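Novice:
Numbering (the UniProt record's numbering), first residue to last: 1 to 103.
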């Protein structure tokens, strides 16, 4: 299982979660953060430090935010599993659903 970033993070990107993550699995898109499900070790340290309550365990996603499970996973289709966000830096794009919500 993994943790998931949801819509409350869009255009906020506080990065408190990044600083707390022991495995560097939280990547920065253009408008929000994403947790790589293949790199997340399910420690839960990111969830309580999120100032906008945007991070949920996949099993605990509210029904109205369930679509963010696939959004987080699909974000990594192109970049794969690089082994840490610091290795690649800001990705500079978002999942199409987040891009579409801009407008």
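Glycine included, C-beta positions come from ideal geometry on N, C-alpha and C. Fair warning: this is a prediction, and the values are worked out from it, not measured in the lab.
Where does residue 79 fall in DSSP's three states?
Specialist: coil
Novice: Can you tell me whether residue 29 is buried or exposed, with buried defined as 16 or more other CB within 10 angstroms of its CB?
Specialist: buried
Novice: Between which two residues does the beta strand (DSSP E) containing residue 28 stretch?
Specialist: 26-28
Novice: For residue 49 versus residue 17, is the C-beta distance shorter than 9 Å?
Specialist: Yes.
Novice: Can you give the Cα-Cα distance for residue 37 and residue 100, rounded to whole angstroms?
Specialist: 23 Å
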